[in-house]
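**Student:** Structure in structure tokens, see below.
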Amino acid sequence: MGKLKERKDKLNRSVITSVVLHLLLIALVIWGSFVTKSGLTGGGEGGQVIDAIMVDPNAMVENFNQQQQQQANAKQAQAQREKKAKQQEEELRQKELREQERLKAIEEERLKTEQQVEDQKKQAEEQQKQAQEAVKKAKEEQKLAEEAAAKAQAEKEKVIKEQALAKKQADEKAAAQKAAEEEKAKAEKAAQEKAAKAEAAKAEAAKAEAAKAEKAAKDKAAKEKAAKAAAKKQASEVDDLLGGLASNAPGTESGGASAAGQGGGKKSGTNSDGDMNGYIAQVRLAIQAKFYNADMYRGKTCTLEINITDKGTLISVNAVGGDDGLCQAALAAAKQARIPAPPSKSVWQQFKNTKLDFKPE
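Just so we're aligned, residue 72 is where the sequence shown starts under our numbering, counting upward by one.
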């Protein structure tokens, strides 16, 4: 605005100066048209010179018209100059307004840019802060994960060691049980072979005795038959000789009771009591194989009631007497044990609801 005012003052001074100069020029022209100097000289010596002023009306009118035209032209020029000045002033004002708007827009854009820069800076700082927190959190989580992994590894190693120790103990126990079972099986086999040999010898003796008895019975029957035939023949001859007079002669009463041969051999087959005892021993060994704390319960006993299928599958097992701690451990071992199938239906019928005394060894 200060610059526009300064230019407007300069324009006003120029216009005023121009008007003053034009008025001065017009005054000089008018004055020159009214004054004409002429020199009149008389003849002879002593003559006088007379000054006279002659006024031309046409020239005055023409000068007046010229002055009027000049004034009109001056007014028109002044009006044009004023109009042009106003136009220039308006243009300058509009230009200044546009410049102000442009500067305002630039300032607003600058402020907006600064705000955006500030927002971006804050956002970047916030993102950086979040990233730092995320890194810190990730480090903490990694530390926790590493600690958890180390703890898990330690637990795993501990479990592996315990399992290895338990396996070693179980293997040693299984090896001892296997050796005992092999020794027991060997002894049982030897006893069974001995019993079988004894039974075979006894059966052979019984068979020989039966054959001997049968032969004696046959010989006796043959003798009785021959005696009976001889007696019958003799009676027939006597009848013929007496001419039928003697009838119904008493014949010799034969003691024809023939001895029936008895099979003195015993029924062959398995000894059910022996099979039952052997199967009970197998079930006890199967439970013992899953019992790992025998030393804690040494000298104690638990009575188990076991119900199984004919395939050896466990249906139920209950403790009906004995030490409570041992019964709890024995129940757990029985549920994990692989009970063998009974050797026969009769053994299963006897065993399926039997009571078994379990004593850890």
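By construction, the Cβ of each residue, glycine as well, lies at the ideal position given by its N, Cα and C atoms.
1. With a threshold of 16 other CB atoms inside 10 Å of the CB of Glu-233, please say whether the residue is buried or exposed.
2. Excluding the five sequence neighbours on either side, which residues of its own chain have a C-beta within less than 6 Å of the C-beta of Gly-383, listed in chain order?
3. State the Cα-Cα distance for the pair Gly-393 and Ala-404, rounded to the nearest angstrom.
4. Which same chain residues, not among the five before or five after Ile-386, have their C-beta less than 7 Å away from its C-beta?
5. Quick one: what's got a C-beta closer than 8 Å to Thr-372's C-beta in the same chain, skipping five residues either side?
6. Could you tell me if Gln-165 is buried or exposed, where buried requires 16 or more neighbouring beta carbons within 10 angstroms of its beta carbon?
7. If you drop the 5 nearest sequence neighbours on each side, which residues of the same chain put their C-beta closer than 7 Å to that of Gln-421?
8. Determine the DSSP secondary structure at Ala-390, reduced to helix, strand or coil.
9. Are there 16 or more other CB atoms within 10 angstroms of the CB of Ile-87, so buried, or fewer, so exposed?
10. Where does the unbroken beta strand (DSSP E) through Asp-428 begin, and where does it stop?
11. Would you grab the beta carbon distance between Gln-149 and Val-100 for me? Rounded to a whole angstrom, and I think it's under 8 Å.
12. Could you pull the DSSP bridge partners for Asn-378 from this structure?
13. Can you give me the C-alpha to C-alpha distance between Gln-142 and His-93, rounded to a whole angstrom?
14. My assumption, with CB atoms under 8 Å, is that Gln-399 sits in contact with Lys-361. Please give the rounded CB distance.
**Tutor:** Let's see:
1. Counting every other CB atom within 10 Å of its CB across the protein chains shown gives Glu-233 a total below 16, marking it as exposed.
2. Cβ neighbours of Gly-383 within its own chain (closer than 6 Å, five residues either side excluded): Ile-410, Pro-411, Ala-412.
3. Separation of Gly-393 and Ala-404 (C-alpha to C-alpha, rounded to the nearest whole angstrom) is 16 Å.
4. Contacts found: Asn-378, Ile-379, Thr-380.
5. Cβ-Cβ distances below 8 Å link Thr-372 to Gly-393, Asp-394, Leu-397, Asp-428, Phe-429, Lys-430 in the same chain, with the five nearest sequence neighbours on each side left out; the list follows chain order.
6. In the assembly as shown, Gln-165 is an exposed residue. Its beta-carbon has fewer than 16 other beta-carbons within 10 Å.
7. In its chain, beyond the 5 residues on either side, Met-347 have a beta carbon closer than 7 Å to the beta carbon of Gln-421.
8. Shown here, Ala-390 sits in a strand according to DSSP, grouped into three states.
9. Under this definition Ile-87 is an exposed residue.
10. Segment 426-429, the beta strand (DSSP E) holding Asp-428.
11. About 19 Å; that fails the 8 Å criterion.
12. Answer by DSSP bridge pairing, in chain order: Ser-387.
13. Across the structure, Gln-142 and His-93 are spaced so that their CA atoms are roughly 8 Å apart.
14. Not confirmed; about 13 Å, so no contact.
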